[in-house]
Each structure stands twice: as C-alpha cells, then as structure tokens.
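Protein chains in written order, with our numbering: chain C, 3 to 456; chain Z, 152 to 614. Inspection log for the structure reproduced underneath, given as structure tokens.
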Amino acid sequence: MSRLGVDRIIPVVFLLFAAFIVGFLAPDVLASRALHQFTASLQLLPQRLESLLLEGQSKSQTEPLPVIETYSAVLERLKAEYYGAEIDERKLTYSAIRGMLSALNDPFTRFLDPEEYKSMREENEGNFTGIGAQLDTNKDGEVYIKEPLPDTPAMRAGVKANDVIVSVDGKPIKGLDIEQVVKMIRGPAGTKVKLGLRRKGTPKIIYKVITRQVVQFRMVKSQMLDEKNGIGYIRLYQFNEQCDTQFDQALTQLEKRHLKGLILDLRGNPGGLLQAAVDIGSRFIDSGPVVVIQERGGQKNPIYVKEEKHNHKRYPLVVLVDKHSASASEIVAGAIKDDAVGTLVGTKTFGKGRVQTIMPLQDGSAVAITTAKYLTPSGTDIHKKGIEPDIKVEAPDTFEVGDLKTDVQLAKALQVLKVKMGILPESVLEELKRAAQAKTPTAATAAASAQSPR
Amino acid sequence: MKNYKTLIVILLITLCFAAGYTVRTNAREKATVRRVSVSPVRAPGVPVATTQLCSAGDIDLGPLEIMLTVLRNVREHFVDPITPSDEGRMAREALRAMLASFQDPNTRFLDPEQLKLVREAAEGRFHGIGAILGMKKVKTGNIQEEHLVVITPIDSGPAAKAGLKSGDHIIAIDGRDVLPLDPFQRANEVIKEERKKAVDRNLLKKHIESETKRIEEGIPILKAERMLTSEDDKEFELTVLRDGATKPIKVKVKTQDFTVEPVSWTLVNDGRFGYIRISCFSNSTPQQFETAVKELKSKEVEGLVLDLRDVAAGDLETVLSVARLSVPERVFGFECKSRNRKIPIRIERCSDERVWKGSLVVLVNAGTARMAEALAVALRDNLSAKLVGESTYGDPSVVTLMELSDGSGVSITTGQMAPPKSSDYRGKGLAPDVSASSSEQMKEAIKILESLAKRSVSTLSRN
Numbered sequence: 003m004s005r006l007g008v009d010r011i012i013p014v015v016f017l018l019f020a021a022f023i024v025g026f027l028a029p030d031v032l033a034s035r036a037l038h039q040f041t042a043s044l045q046l047l048p049q050r051l052e053s054l055l056l057e058g059q060s061k062s063q064t065e066p067l068p069v070i071e072t073y074s075a076v077l078e079r080l081k082a083e084y085y086g087a088e089i090d091e092r093k094l095t096y097s098a099i100r101g102m103l104s105a106l107n108d109p110f111t112r113f114l115d116p117e118e119y120k121s122m123r124e125e126n127e128g129n130f131t132g133i134g135a136q137l138d139t140n141k142d143g144e145v146y147i148k149e150p151l152p153d154t155p156a157m158r159a160g161v162k163a164n165d166v167i168v169s170v171d172g173k174p175i176k177g178l179d180i181e182q183v184v185k186m187i188r189g190p191a192g193t194k195v196k197l198g199l200r201r202k203g204t205p206k207i208i209y210k211v212i213t214r215q216v217v218q219f220r221m222v223k224s225q226m227l228d229e230k231n232g233i234g235y236i237r238l239y240q241f242n243e244q245c246d247t248q249f250d251q252a253l254t255q256l257e258k259r260h261l262k263g264l265i266l267d268l269r270g271n272p273g274g275l276l277q278a279a280v281d282i283g284s285r286f287i288d289s290g291p292v293v294v295i296q297e298r299g300g301q302k303n304p305i306y307v308k309e310e311k312h313n314h315k316r317y318p319l320v321v322l323v324d325k326h327s328a329s330a331s332e333i334v335a336g337a338i339k340d341d342a343v344g345t346l347v348g349t350k351t352f353g354k355g356r357v358q359t360i361m362p363l364q365d366g367s368a369v370a371i372t373t374a375k376y377l378t379p380s381g382t383d384i385h386k387k388g389i390e391p392d393i394k395v396e397a398p399d400t401f402e403v404g405d406l407k408t409d410v411q412l413a414k415a416l417q418v419l420k421v422k423m424g425i426l427p428e429s430v431l432e433e434l435k436r437a438a439q440a441k442t443p444t445a446a447t448a449a450a451s452a453q454s455p456r
Numbered sequence: 152m153k154n155y156k157t158l159i160v161i162l163l164i165t166l167c168f169a170a171g172y173t174v175r176t177n178a179r180e181k182a183t184v185r186r187v188s189v190s191p192v193r194a195p196g197v198p199v200a201t202t203q204l205c206s207a208g209d210i211d212l213g214p215l216e217i218m219l220t221v222l223r224n225v226r227e228h229f230v231d232p233i234t235p236s237d238e239g240r241m242a243r244e245a246l247r248a249m250l251a252s253f254q255d256p257n258t259r260f261l262d263p264e265q266l267k268l269v270r271e272a273a274e275g276r277f278h279g280i281g282a283i284l285g286m287k288k289v290k291t292g293n294i295q296e297e298h299l300v301v302i303t304p305i306d307s308g309p310a311a312k313a314g315l316k317s318g319d320h321i322i323a324i325d326g327r328d329v330l331p332l333d334p335f336q337r338a339n340e341v342i343k344e345e346r347k348k349a350v351d352r353n354l355l356k357k358h359i360e361s362e363t364k365r366i367e368e369g370i371p372i373l374k375a376e377r378m379l380t381s382e383d384d385k386e387f388e389l390t391v392l393r394d395g396a397t398k399p400i401k402v403k404v405k406t407q408d409f410t411v412e413p414v415s416w417t418l419v420n421d422g423r424f425g426y427i428r429i430s431c432f433s434n435s436t437p438q439q440f441e442t443a444v445k446e447l448k449s450k451e452v453e454g455l456v457l458d459l460r461d462v463a464a465g466d467l468e469t470v471l472s473v474a475r476l477s478v479p480e481r482v483f484g485f486e487c488k489s490r491n492r493k494i495p496i497r498i499e500r501c502s503d504e505r506v507w508k509g510s511l512v513v514l515v516n517a518g519t520a521r522m523a524e525a526l527a528v529a530l531r532d533n534l535s536a537k538l539v540g541e542s543t544y545g546d547p548s549v550v551t552l553m554e555l556s557d558g559s560g561v562s563i564t565t566g567q568m569a570p571p572k573s574s575d576y577r578g579k580g581l582a583p584d585v586s587a588s589s590s591e592q593m594k595e596a597i598k599i600l601e602s603l604a605k606r607s608v609s610t611l612s613r614n
C-alpha cells in the first residue's frame, strides 16, 4: 500500500472529478441538439456548482415568494388549465396589482385603471370636456339638469335648471343610471350632442344641439355673509390646478365689497394637489414653511411660503374643518393652526399625512404610491390622528352648507370671527368653549357622504 | 493485482459519473419545481404540466409588464423601505385578489394553515367544528351573495353531534353576520333603490348606518371559514338557515380535533346483506374498503348497501381505487378540460377475488359531494347500482392544488367530471333512483336488495 503515493492519487482523483463533471453535464448533452447549447451549459457550470452548494446552506427557512415569478407561474397555469370562463389576463392582472398593493397596508397606495386615472386627471386639472351642466336624479328616477353652470355651452344653448333629459343623440335614456347618462353626454371637445328635454309648461319635447367644450370645475364658492361687518365666506371644494387662481379672484371680488374678516370653509374637502395646498397656504402664512415633507429615508424638506402669493391684505381668519377635511386641506389647516394666524372651528380632521406620487403606466393606467410623509410646520405628524379644532362644534344631522339657519358650525364660526374682529365680547368665546366641553360628542355624522379623501 | 486496481478505479469513475448525473438532474428538477411544485393531489393519467419559472427575459409583456413596473416603483419609492417579507406578503395578496376575481369557490388562494387542513383531511384528520364547508352563490333580486354552507358534517365530529345538516347556511357566528366576498352590494342596492323612490334622506342614512354597522361587525366569509376550521379550542353559536325551517336556527358547537375511521361495516337483515359506510376518502380508505368487502364476501352476503351520505373530501385517485373494487376496467367518467378536451378516466383492473360482484345499492344525500358523487354515478352507470336517498350536492369540479414554496397554495378548477352515461348534474345534483327521507333510506335500500335477491333466486329456479 505504501506504493500508493501522491503522484498516483492525484491523477486518480482528477479522473474521478472529471467523471463527476461529465456526469453532471450529461443531461445537457442529451437534451441539446446543437453545439452552442452545450458550450452555453459549459459556461454555466461554475454558477451551477455554486448554487448547488449554496442551496444546501439555506434550505431550512422558507423564502418569501418572489412576486412576479410566482404570479406569472400561476397565471400561466391558469391559462393552460383553468376550466371555466375565458381568462381575461388584463382584468386578472389589475386585480392582482390591487391585491399586491393592499399588502402594504396603506389605503393611499393604490392602482388606478385607465378609466379611474382619466377621471382623476380631469379632477386635478379642474376641467373636463362636456356641456357644463350638473345632473341629478329626481324622485321619479329621471335624470334632470340640476344647474347649468355659468358661461358654459349648456347655459348658452338655453338649457334650464329642472329640465328632464329624455334622450341623448336620439336614444331614449329611460332606465339608465346617472353615470351612464353622463358618459353619453361627455365627449371630445368640438363634437356635438343632441339632448331631448322635457320642460314644465312646455307640451313638446325640446331638442338642443350643444357643442362640447372644455369646462372648468368651480372649485371655489364665495359670498358676503355679513355685508354690514364686511365678513366674507370662501368655500374650497378641492385642491386642483385651478383653485388658487379662482381663490385669488374670489378674494378680489370680496375685497371690492369691503372685506374685513374671512371664513375659509374646508369642510368636506378631500384634498388634491400638494402644490395647490402650498399656494393656498402661502396666502395666510407670513414666512417659514407651509409644510415639511419627510422623504423616504427620513430627510426633511420644508416647503417655504411663496412670497408672490402675498398680494392681498391679511384679515382676521376662521377656518371651518370636519372629519372629511383631508390631506391638502389638513396642510392648510395645520399651517394656519401652527402659525396661529386663524382659528379652527368644527370637528377633528381626517388625519392623512402622507403624500402620494402618481406614476402613469404604459397602458393608460397609473399607480399612486405613498412616497413621503408630511409634517405641519411645527413638525407634527398628523397621520391617523387628525387636527383638533380650536373650538369644537359638532354638525347637526341635516343642514345645508352655507345656510346660517341650519349650518350651526358656520353660525358659530361667524361668532368667533366677530369676537376676533372686536364686534362681540371675549366672553362669547369662553361660552362657546364651555359648550363644546359640556356636550358629549354625538356620533351622528353624515355617513352617507361617500367622498374618499385623497 | 494491477487489474484489480484498475477495476476499482473504473468502478469509482463510473460511480462519480453517476453521482454527477443524479446531482445535476435533481438540481434541474428543483430549479423548476422549487418554487412552484405541483402537488400529488391530482388525477392520474393526466400529464403534469411542469410550470417553468420565468426569468425576467421570458416574461410575457403586456399586463405582466405593468405589474412589474408597479412593483419596481413601489420598491424604489414607497415611503417605508420594502423588506423581503413585505414582498412575500405582496405575492400572496396578489394571488389572493387575482383568484378571488374568478368568483369560483374552488379557485382560490390557500394560506399555509388552509393547505395543511386539506392535506390532513386526506389523512382523515379534521379540526374545528368538523364539517366540510363551502361557498354557495345565492341570488336575491339584483344581489348575488356567497353564503357559507355546510357541505357535509363529518361523522363523529362536533358539527354532526350538534345536529348541523348538509345544506345548512351559516349566516352568523356568535351573532356577527357572515359577509359575502363583496359586502357592499347590499348597501349599494339600498342606495340605488332609495334614489329611484322618494328620497327620504333620513331613512337612507339610517339604512346606510345599519348596513355600515353590519359590515363593520361582520366576518368576511373566508375568515369565517378559517375560524370554523381552525385548530384552536373554541365554542361558537352559529345561526343557521335550513331548508324547511321558517326561522333561523341557533346551534352551539364546540371545536375539536379528531380523526375519522374512514370505513366501517356491519351485517344487516340477519346477515343476509352487508353495509359499508365510507365516512371520508382518506389515504387508507381503499385498503379498508377492500378488507370490508373481503369480510362480507366471506360471510356470503347477498347484497351490499354502500353508504356515501355526507362524504365530501377526497381526491380522484382515492376514489378510483375504491371504484376498482366493484367496477374494474370500466370508464369512471370523462374529465372535461380546458380547450374542449374530454378525457376518459379508466378504472384499473383488479383481480377477480377482490371485486364485489353482487347487487349494490348506494345511499346518497345532499352531503354527498364532489368525488363521492362521481363515484355514485359511476356505480350507477356501470353497474346499474340503485341510488337511494336525496339529490346530491352537485359539484363535479375537478380541482388541482399547486403548492408554493412558502407553504401556501393555490387551488384551481381544472376540469369537470362528466358521468359515463347520466347527464350533467352540475348545480342540480344527482337525482336518486328512489327518493327517501333520511329515516327511510336504509329501509328502502334493503327492500331493493330483497327484490333483487328474489329475482336472482327465481331466475335460478327457472333454470
């Protein structure tokens, strides 16, 4: 046995190893028909041996599933084997994307299919193509014109409020949903639509041919609440690209009527664009940040007041908020509260302190991803907490926004503003605060309002 | 000596070659099956489509590309960094949502615990209230809701003891409503209806508030199913709707882990006939069934009652092994598959002395479901065995399980069984040859066997 030296063992071991490798490659040789396939498998040899070794080590723990690979494997399987209705790959994948995003436990990170994305863009741009009339359903289930908006094709064509729509482009619309009717009326700018209308007092159906146009949403509603004391009221419905311009115009209008104090109504305002919030906020804040954006990774980027928005005088300010005031509304309300430039009246706000970025996708759909947090100027994260008003006033079960008789919150806001302007004594304020504390919060809130905060 | 050494070296070289070959082929198999492996629970005779993993280059563009873009954006931009376990959850939720959109009760994602239940059922082990539960679509007006139904209470389980019956709809658990997959349908319908009628805002608001409360407090159907089949010790009060009962019934059930004896048998009618009860189709059912048949044959019984009432769990393979002992080498049925394929499923041959050759009556009821139904109809079509009892459940789906690498799974409807001769019974169930209420079923079965026995005696005497 002593003759079995190293010089003999080495070739033997080498031979054995070569045999192993040849065996290892054999399946590839058998499977491949062409030479290049074989050379490819030769090149892959080191990786394959390595992965073999690695696998032995990490076998114990179950790996999390790889998203795309797993999904496509199951999808392929379904396409080949599913027994039942035809598979709509696009629809399935949209559901899968929604499911995938739901795992992040963030309701604001969400998928928008092409249709949803389109209507969102329209809302943000603040305009859409149509005829410019608000529709509603009456108690008989008929779709009627609630209000033709000023300076729109509908108004110019002579469509009147309470006209009942009976046909669109000659097609009767009986039994259709309001959404379906709206879809039929909308279309590209420049095209025409023919409406058949039934008007009270007119026996025949009236036909109007209307040319569709780009119509702007009215984002701002303003009025003089108290002409004598110069108290103005501005309601902001949403934060889009138009709202700052419209706000500026509204304020100018009110100033012409000797504005001395202002009520800003952010109730039911679900938010909108961050930029619009900074613009509106800048109108009330003197200096410093309107909002602080905390990026992924924790870096804080304050967004400072835009000086060019200081084109109006400053007035005593009361801001109305409720639990539907969200996102951009909370940026504005939070900045006003932190800088003590106004008094918040109403109920606690929604509590959404996350900024989404909308990323358009190849097929017309889009994904909204929460990319940053925002903090109020003083550094508070209001997410899931909301902003407490300075003076708490619950809303009654039913009321009409802007109507001083039924809108209790507005009436109280008016009192607060009067105190601030020195028209009413300070004691009124104390009384209001006491009343708010005494009242146990009633849960009666408008659940019917289906606005989804953005 | 030298030759001897060379021989050893050559032997070693061959061994090494073989080792290399096996390692490589094993590794190859793992590479394709590691992440998505096809579970053994499937029909024999059907080629297994191995699912190749896609590398990024192979991925079919289109919708999948959109999903990939979304995933990349989330990875790069989401406010909190995404961890591998987040991605694992995302993969699961993507599958869950995608499969739910099929609205097919048999096509769904299974969490690891649920997959475990399926596996254990194949071994005759059950948990929770001890019932095979299912979803049934129920249409009322414009609303189509999924109800949680008891397909089958399992023999000796808590549900059976508490008196739950197959076909019972479980509408609430501990007073909390069981919600359908889309719980908002009703609320939307109410809003729609109210809009058409007089708009009484207060009434509408009240409706919506009560509906919101119901949804907030309710239990989603899939969660309810999990609750009732989980391994924890609990007691539930179920509110149950039953056919024929005017009011919902309240039933208290305690959960329990238990094992079912899959087959039991006895002699009936003074030993003239045999009775075999199959409680579930588990892995040991065919073997136990064979023993039962052997015992009964040695006792020279004249006829056999096969009790398939309240049997739901089981896979095709097991059922085929049982069928083999009474109708070998016949067509069990046809499996209709995607792309209009129709594949006959043949029953294997079996040596004569093991096969039951006498007359046969099969007891069925509304709890006779899935593979048990397929067996019942195969016995009827091949052997003219009479079915006695009630209409069966009516689900001929063939379901395939995919096991994923993280222990979860996917179940997919991959086919539908069509009986050899009888017509399709999907949704309707198999109609029995002789209908009988549960208390009369055994009596009817004996009556049939007696008349069959008489006939064979008379044919004998005539000869």
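We put the CB at the ideal spot given by N, CA and C, even for glycine. Being a predicted model, the structure only gives us computed values, none of them experimental.
Spatial distance of residue i from residue j (CA atoms)
i, j, result
"Pro362 of chain C", "Ala330 of chain C", "21 Å"
"Val549 of chain Z", "Ile89 of chain C", "18 Å"
"Ser587 of chain Z", "Val512 of chain Z", "A small correction: the amino acid at residue 587 of chain Z is Ala; Ser does not occupy that position in the sequence shown. Cα to Cα, Ala587 of chain Z sits roughly 13 Å from Val512 of chain Z."
"Gln336 of chain Z", "Leu275 of chain C", "32 Å"
"Ser97 of chain C", "Asp394 of chain Z", "36 Å"
"Lys156 of chain Z", "Cys167 of chain Z", "16 Å"
"Thr372 of chain C", "Phe352 of chain C", "17 Å"
"Leu467 of chain Z", "Lys93 of chain C", "32 Å"
Under 8 Å from the C-beta of residue i: neighbouring residues of chain C
i, result
"Asp557 of chain Z", "Thr64, Glu65, Pro66 and Leu67"
"Tyr172 of chain Z", "Gly25, Phe26, Ala28 and Pro29"
"Gln567 of chain Z", "Tyr85"
"Asn224 of chain Z", "Met361, Val369 and Ile371"
Neighbour-count burial assignment, residue i, 16 or more Cβ in a 10 Å radius
i, result
"Thr390 of chain Z", "buried"
"Arg175 of chain Z", "buried"
"His260 of chain C", "exposed"
Nearest candidate by alpha-carbon position, reference residue i, set the options
i, options, result
"Gln407 of chain Z", "Z:Ala525, Z:Pro232 and Z:Lys385", "Z:Lys385"
"Val217 of chain C", "C:Gly189, C:Lys202 and C:Ala328", "C:Gly189"
"Ile217 of chain Z", "C:Pro29, C:Leu47, C:Asp115 and C:Ser169", "C:Asp115"
"Lys148 of chain C", "C:Thr372, C:Ala163 and C:Lys420", "C:Ala163"
"Glu125 of chain C", "C:Arg316, C:Tyr239 and C:Gly355", "C:Tyr239"
"Leu534 of chain Z", "Z:Ala520, Z:Gly540 and Z:Val506", "Z:Val506"
"Asn516 of chain Z", "Z:Gly465, Z:Lys290, Z:Gly545 and Z:Val419", "Z:Gly545"
"Val635 of chain Z", "Z:Ser430, Z:Gly213 and Z:Arg490", "Residue 635 of chain Z lies beyond the residue range present for chain Z, which begins at 152 and ends at 614; the question has no answer from this structure."
"Met264 of chain Z", "Z:Met286, Z:Lys537, Z:Ile159 and Z:Phe277", "The identity of residue 264 of chain Z in the sequence shown is Glu, whereas the question assumes Met. The candidate whose alpha carbon is nearest that of Glu264 of chain Z is Z:Phe277."
"Phe113 of chain C", "C:Pro291, C:Arg100 and C:Lys422", "C:Arg100"
"Pro48 of chain C", "C:Val69, C:Asp383, C:Ile384 and C:Phe26", "C:Phe26"
Residue i at chain Z interface by Cβ criterion, 9 Å
i, result
"Phe19 of chain C", "yes"
"Ala374 of chain C", "yes"
"Arg269 of chain C", "no"
"Val14 of chain C", "yes"
"Ser169 of chain C", "no"
"Lys458 of chain C", "The structure shown does not extend to residue 458 of chain C, since chain C is modelled only from 3 to 456, so the question has no answer here."
"Met102 of chain C", "yes"
"Thr193 of chain C", "no"
Chain Z residues whose Cβ lies nearer than 7 Å to that of residue i
i, result
"Asp365 of chain C", "Ile217"
Min CB distance residue i to chain C below 9 Å
i, result
"Gly484 of chain Z", "no"
"Glu238 of chain Z", "yes"
Partner residues on chain Z for residue i, Cβ-Cβ distance less than 9 Å
i, result
"Tyr73 of chain C", "Leu215, Met218, Ala242, Ala245, Leu246 and Met249"
Cutoff 9 Å: residue i Cβ touching any chain B Cβ
i, result
"Met157 of chain C", "The structure shown contains no chain B; its protein chains are C and Z."
Neighbour list for residue i in chain Z, Cβ cutoff strictly below 8 Å
i, result
"Thr41 of chain C", "Ordered by position in chain Z, no residue passes the 8 Å Cβ test against Thr41 of chain C, which lies about 17 Å from the chain."
"Ala98 of chain C", "Met218, Ala245, Leu246, Ala248 and Met249"
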